[in-house]
Each structure stands twice: as C-alpha cells, then as structure tokens.
Amino acid sequence: ASQSLCGRRNLGRGSLLPSLVRYCLWPLCCVLQGTGIETLCVDLGDWDATEAALSKVGAIDLLVNNAAVAVLQPFLEVTKEAFDRSFDVNLRAVFHVSQIISQQMIARGVQGAIVNISSQASQRALQDHAVYCSTKSALDMLTKVMALELGPHKIRVNSVNPTVVMTDMGRINWSEPQKAAAMISRIPLQKFAEVDDVVNSILFLLSDKSAMTTGVSLPVDGGFLVS
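All the letters of the sequence shown, read from the start, carry residue numbers -4 to 222 under my numbering.
Printed below as a string of structure tokens:
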C-alpha cells in the first residue's frame, strides 16, 4: 500500500497538503500532473521515511493535516489492528509531520499556519465510533498544545471540525439511509457538508484574515454541536 504527501506552491507561499490513503497512488499522481501540485509517496507510519521525504519538499509556510481513516466498530468488538491503525493515521502522523514542518518554520523565521482536520466526533459520542472519537478528541487537544507552544514562534495552529462530509469515505460510512437520516435529523441545517464547505474554512484559517486566531476548533457542522 502506498501513502502520500502532496505538496503545493500557491498563495505566494509554500504549503504542504498531506493525505494518507491505503491504495496505489500512481493514478492520482498522473491526474495531478500539470496542476502545480507535487506528489510524494511515503509511508507516514515510517518516521525515518517521512523525515527523508519532507527534507526534499522545500520551504513550507502552510500545513494542512488531513490524513484520516474511520474504522467503525462497536466498543466491545474493537480490534488491536483497528485501534493501532486509527491512532497511527489520525494522530501519530499529524504529530510527526507537524513537528518536522514546525521545526523548519522556526529555523526559517516564518509566520506559519497549521490546520488539523478533526471532526464533530471529537466532542460528541457516536455509535460504533469509540476509536474514531478518541483519535479526534486527542487531535483537538494536540492542536491546543501546539498553538500554546508554537505561538511564541508566530505559528498559528487551529483545527476544522466537520460533520459528515460527502467524500468517498463519508459516502461509504453513511450510505445506509436510516443511519444517514438519523444523523441529518440532528443537524439544524438538515444536510451533510460538501467538500467545499471544509476547504473554505481551511483557507480562512490559513489566511491572514485569521491572523489573531489560534488554538481554535472550528465547527463546520451545520449546527450539530448546538443541537
């Protein structure tokens, strides 16, 4: 299985958009050719390989940690494999990549920004989400600690906490009509999020328009957390 780091140069500054998947990325690499997006295939669970890959990326000012998996199992049936895989992808990879890139930002003296992709599941208990909820709650606290410690270096750190998003993973996990309807009924706006809803929130937190915002978990949930 190949995993990836996708680097992009835009907005006048370098940004790193990392993602982790469990299938061959060569077709994706072909699709991205000519788009200005650089792809690096690396196992994010391999610290040495990740460090080697990131050393080749160049100057990074903006980082989005969107690596995630959702392995849904009832609490009493959670397997060691599912537990380890979820924490490796949803937390450990974020910790490691952020540590490397933050050190580079500090060495270069740049005012960087980091956005971690979390979830509404970090703040609400959901059926069969024992491991997923745990990883996202841990990610929210990691975001706050990073904001506290990196703030003196002028590096902002925030998270975006979406409801169900209509990605491939979202469609798979919420394809059962009765299950989806029960969740939508708890969302005041009565719909799941689209990818652009999350992207626009990320762009805001990366931009200078949020220059005084750090340590925040921004819900993109249609009001789920207030219902």
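Just so it is clear, CB atoms sit at the ideal spot from N, CA and C, and this is done for glycine as well.
DSSP, reduced to helix, strand and coil, places residue 155 within a strand of the structure shown.
Under the three-pair Cβ rule at 8 Å, the segment 210 to 220 counts as touching the segment 175 to 185.
Per the coordinates, the alpha-carbon of residue 156 lies some 13 Å from the alpha-carbon of residue 210. Using a Cβ distance threshold of 9 Å, residue 197 and residue 96 do not count as a contacting pair.
At the C-beta level, residue 73 and residue 109 stay beyond 9 Å of one another.
Within the same chain, and ignoring the five residues on either side of residue 206 in sequence, the residues whose Cβ sits closer than 8 Å to its Cβ are 151. For the beta strand (DSSP E) assignment, the uninterrupted runs of no fewer than 3 residues enclosed by the segment 162 to 216 are, from N- to C-terminal side, 212 to 215. For residue 52, there is no enclosing alpha helix (DSSP H), as DSSP marks it with neither H nor E. Beta-bridge annotation (DSSP): residue 94 is not paired with any residue.
Short of 8 Å from the beta carbon of residue 169, and not among the five residues preceding or following it, lie these beta carbons of its own chain, in chain order: 159, 175, 178 and 187.
In this model, residue 64 and residue 199 are separated by some 24 Å (Cα to Cα). Looking at the DSSP output, residue 110 bridges to 59 and 153. Annotated as proximal: residue 66 and residue 77, with beta-carbon spacing under 9 Å.
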